[in-house]
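In this note's numbering, the protein residues as written are 60 to 421.
Structure follows, in structure tokens:
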């Protein structure tokens with residue numbers, strides 16, 4: 060039997076055991092939930108362990124206005140074969156969210172814009188309809204232009220119109236995200252470069268205002284002592300998702316450097332300094348990354364994305380701490396013992412998370 064499936068069975072057994080322990084230590088109602096959580100977590104843990112540890116994400120060294128990351132299928136977005144809970148409506152990506160149903164996710168729009176622009180600019184890619192990719196980019200830009208809402212201090216926001224629970228944090232609509240704001244800025248900065256419409260640069264500049272405002276004033280900025288965080292989910296307790304923080308910083312970089320915006324440059328430097336100083340907070344055993352503060356390891360998709368973002372930002376800002384983190388997290392560098400460690404740790408941490416969340420809702 061292959062090692063990953065042996066580990067899967069072991070993780071499932073440990074997960075069920077954890078559920079049994081929880082069941083013995085709680086009241087009758089909580090016992091039932093704990094037992095159910097243990098069984099569910101056991102199956103989930105087995106699935107986590109059985110998944111591959113790699114995902115096709117890599118840095119893109121093509122010159123501006125190409126986006127510095129290539130990741131086909133990221134977020135489950137593929138026009139030909141959308142992932143589960145994903146679809147395209149009039150060329151714009153949507154996700155399915157209970158109980159809201161199908162909704163346009165602004166982060167998906169921003170990502171799809173830069174991903175399609177990369178396809179358009181990369182003539183060497185085979186099987187890519189470059190005209191369709193170009194149209195896809197401008198379709199997303201049109202959506203961003205049409206759906207920007209005016210927020211505090213003249214900010215431009217793309218709020219989410221459905222509730223979301225991220226760990227213990229509950230976000231009520233309308234809420235905004237550093238992930239979607241940053242990707243929108245990156246897309247609009249490229250639209251400005253390509254068409255030189257002042258309205259696109261102005262919209263990107265207004266979108267950056269969210270990074271100067273705290274959550275209670277409609278922004279994504281959280282200050283702790285000398286640190287400045289840009290939150291993907293700006294509600295306490297803060298989840299500190301690595302990729303949301305990093306995509307926000309990258310958007311500010313694009314506006315500062317290629318849009319000539321001094322205020323964005325200040326915001327970029329503040330976020331980058333914190334990310335570089337605190338990057339080890341997301342490091343697991345020197346070989347993988349945490350997703351955030353949930354106590355969960357990043358999935359293969361998000362770990363590869365975290366590695367790529369750290370490497371890209373490290374190169375753009377000449378920041379050795381980020382470059383080093385990016386190198387550590389690349390899955391192709393894992394030895395067999397590190398792979399085993401990541402698989403078992405991911406499964407057991409997921410088990411604990413599922414059981415804790417189930418009991419926390421009693």
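C-beta atoms are modelled at their ideal positions from N, C-alpha and C, and glycine is treated no differently.
Who are the Cβ neighbours of residue i in its own chain at under 6 angstroms, not counting the five residues just before and after it?
{"i": "residue 175", "result": "192, 195, 196"}
{"i": "residue 210", "result": "216, 277"}
{"i": "residue 290", "result": "237, 279, 281, 297"}
{"i": "residue 31", "result": "Lying outside 60 to 421, the shown extent of the chain, residue 31 is not represented and no answer is given."}
{"i": "residue 247", "result": "259, 262, 263"}
{"i": "residue 161", "result": "153, 155"}
{"i": "residue 284", "result": "none"}
{"i": "residue 203", "result": "243"}
{"i": "residue 117", "result": "129"}
{"i": "residue 275", "result": "none"}
Quick check: the Cα distance between residue i and residue j, rounded to an integer number of angstroms?
{"i": "residue 219", "j": "residue 296", "result": "19 angstroms"}
{"i": "residue 217", "j": "residue 395", "result": "43 angstroms"}
{"i": "residue 231", "j": "residue 132", "result": "28 angstroms"}
{"i": "residue 377", "j": "residue 332", "result": "12 angstroms"}
{"i": "residue 415", "j": "residue 380", "result": "34 angstroms"}
{"i": "residue 407", "j": "residue 257", "result": "52 angstroms"}
{"i": "residue 342", "j": "residue 140", "result": "33 angstroms"}
{"i": "residue 251", "j": "residue 265", "result": "14 angstroms"}
{"i": "residue 155", "j": "residue 138", "result": "16 angstroms"}
{"i": "residue 205", "j": "residue 254", "result": "17 angstroms"}
{"i": "residue 229", "j": "residue 317", "result": "36 angstroms"}
{"i": "residue 371", "j": "residue 303", "result": "14 angstroms"}
{"i": "residue 226", "j": "residue 273", "result": "20 angstroms"}
{"i": "residue 159", "j": "residue 223", "result": "10 angstroms"}
{"i": "residue 352", "j": "residue 340", "result": "9 angstroms"}
{"i": "residue 367", "j": "residue 329", "result": "21 angstroms"}
{"i": "residue 201", "j": "residue 212", "result": "23 angstroms"}
{"i": "residue 110", "j": "residue 121", "result": "31 angstroms"}
{"i": "residue 309", "j": "residue 373", "result": "11 angstroms"}
{"i": "residue 10", "j": "residue 354", "result": "A query on residue 10 cannot be resolved here, the shown segment of the chain reaching from 60 to 421 and no further."}
{"i": "residue 386", "j": "residue 181", "result": "25 angstroms"}
By Cβ distance, which residues of its chain are closer than 8 angstroms to residue i, with the 5 residues on each side in sequence left out?
{"i": "residue 350", "result": "300, 301, 356, 357, 358, 361"}
{"i": "residue 136", "result": "142, 145, 152, 167, 170, 171, 174"}
{"i": "residue 338", "result": "369, 380, 381, 384"}
{"i": "residue 336", "result": "286, 380"}
Just to confirm before moving on: does the CB-CB distance between residue i and residue j stay below 9 angstroms?
{"i": "residue 243", "j": "residue 168", "result": "yes"}
{"i": "residue 287", "j": "residue 278", "result": "no"}
{"i": "residue 237", "j": "residue 165", "result": "no"}
{"i": "residue 114", "j": "residue 364", "result": "yes"}
{"i": "residue 233", "j": "residue 199", "result": "no"}
{"i": "residue 239", "j": "residue 126", "result": "no"}
{"i": "residue 322", "j": "residue 271", "result": "yes"}
{"i": "residue 241", "j": "residue 319", "result": "no"}
{"i": "residue 305", "j": "residue 334", "result": "yes"}
So if DSSP puts residue i in a beta bridge, which residue, or which two residues, is it bridged to?
{"i": "residue 154", "result": "145, 162"}
{"i": "residue 221", "result": "DSSP, once it has assigned bridges, lists no residue as partnering residue 221."}
{"i": "residue 208", "result": "216"}
{"i": "residue 280", "result": "289"}
{"i": "residue 343", "result": "347"}
{"i": "residue 129", "result": "117"}
{"i": "residue 230", "result": "223"}
{"i": "residue 356", "result": "349"}
Tell me which same chain residues have a C-beta within less than 7 angstroms of the C-beta of residue i, skipping the five on either side of it?
{"i": "residue 119", "result": "125, 126, 127, 128, 129, 177"}
{"i": "residue 179", "result": "189, 192, 193, 196"}
{"i": "residue 112", "result": "359, 390, 393, 398, 401"}
{"i": "residue 375", "result": "312"}
{"i": "residue 83", "result": "Since pLDDT at residue 83 reaches only 47, below the 50 mark, its modelled position is unreliable, and the value read off the structure follows with that caveat. Same-chain partners within the cutoff: there are none."}
{"i": "residue 134", "result": "167, 170"}
{"i": "residue 315", "result": "323, 324, 327"}
{"i": "residue 163", "result": "151, 153"}
{"i": "residue 221", "result": "156, 159, 162, 232"}
Given 8 angstroms as the limit, tell me if residue i has its C-beta closer than that to any heavy atom belonging to the ligand PLP.
{"i": "residue 386", "result": "Questions concerning the ligand PLP fall outside what the structure shown contains, since it holds no ligand whatsoever."}
Would you check if the stretch 342–362 and the stretch 383–392 touch, i.e. whether three or more CB-CB distances between them fall below 8 angstroms?
yes
Does the stretch 145–152 come within contact of the stretch 397–406, defined as at least 3 CB pairs closer than 8 angstroms?
no
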